[in-house]
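All residue numbers for the sequence shown refer to the numbering used here, where the first residue is 1205 and numbers rise by one. Cβ coordinates follow ideal geometry from the N, Cα and C atoms, glycine included. In this text the structure is predicted, and so the values were computed from the model without any measurement.
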Amino acid sequence: MHLAQLNVAHLIAPIDGPELADFVAALEPIYAIADSAPGFVWRMKQSDDPTEVITHEYGDDLLVNVSVWESREALWNFVYRSPHLELLRRRREWFLRTAVPYTLMWWVPEGHVPTLGEAMERLESLRTRGPGPEAFTFKEFYEPGAAGASPSRAEIPQ
1205 MHLAQLNVAH LIAPIDGPEL ADFVAALEPI YAIADSAPGF VWRMKQSDDP
1255 TEVITHEYGD DLLVNVSVWE SREALWNFVY RSPHLELLRR RREWFLRTAV
1305 PYTLMWWVPE GHVPTLGEAM ERLESLRTRG PGPEAFTFKE FYEPGAAGAS
1355 PSRAEIPQ
């Protein structure tokens, strides 16, 4: 099994506005780091332009990212142990605060390419029912095949 992830963010301004210039400038190098990271499998993109934002029917102000990783540790290492962490620390400069989950994970069979619709359904599940085997977070993590099980409280990788 591989680990799929979705993160969404509501932009504070249009993607081509000056308020987001630093964020947009960081996209190409961050995507290059992700694409070459150990354990990276796939990410959703519409073209070979690394700065192109995925367009969708969920609203112009919603930025989405869907990717697949070999494991929890591989995704964790990219998110928190690479230059991506600096962008994460600056997220309040570019994205609106939200009280609802903005990131989630779920297990997919190796070779499965998740659709944005599938990811958004899982986000809705997480927001309405809370974490479960079909949609979970780093904090409340479910191992593959954990249907009906409690979340793993195992220590998050350090």
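Can you list, in chain order, the residues of its chain whose CB lies under 7 Å from that of Tyr1306, leaving out five sequence neighbours each side? Asn1211, Val1212, Ala1213
List the residues that DSSP assigns as beta-bridge partners of Phe1342. In the DSSP output, where bridge partners are listed per residue, Phe1342 has none listed.
Element boundaries [alpha helix (DSSP H), containing Thr1332]: 1320-1333
Residue span of the alpha helix (DSSP H) that contains Phe1244, given as start and end: Phe1244 -> not in any alpha helix (DSSP H); beta strand (DSSP E) instead, spanning 1244-1247.
Near Leu1300, what residues of its chain come up, given a Cβ to Cβ distance below 7 Å and the 5 sequence neighbours on each side ignored? His1214, Ile1216
Ends of the alpha helix (DSSP H) at Leu1291? 1288-1293
Contact between the region 1310-1324 and the region 1225-1239: three or more CB pairs below 8 Å? no
CB-CB under 6 Å to Val1317, same chain, minus the five flanking residues each way: which ones, in chain order? none
Determine whether the beta carbon atoms of Ala1208 and Met1324 lie at a separation below 8 Å. no
Touching or not, the region 1264-1276 and the region 1241-1250, by the rule of three or more beta carbon pairs under 8 Å? yes
Nearest to Ala1303 by alpha carbon, out of Arg1294, Leu1279, Glu1290, Thr1332? Thr1332
Measure from the C-beta of Ala1278 to each C-beta in chain C and report whether the shortest distance is under 8 Å. In the structure shown, chain C cannot be found, because there is only a single protein chain.
Host alpha helix (DSSP H) of Ala1236 (start-end): 1225-1240
Whole angstroms is fine: what's the gap from Phe1340's alpha carbon to Ile1219's? 28 Å
Since Ala1278 and Ala1241 should fall inside the 8 Å C-beta cutoff, what is the C-beta to C-beta distance between them, to a whole number of angstroms? 7 Å
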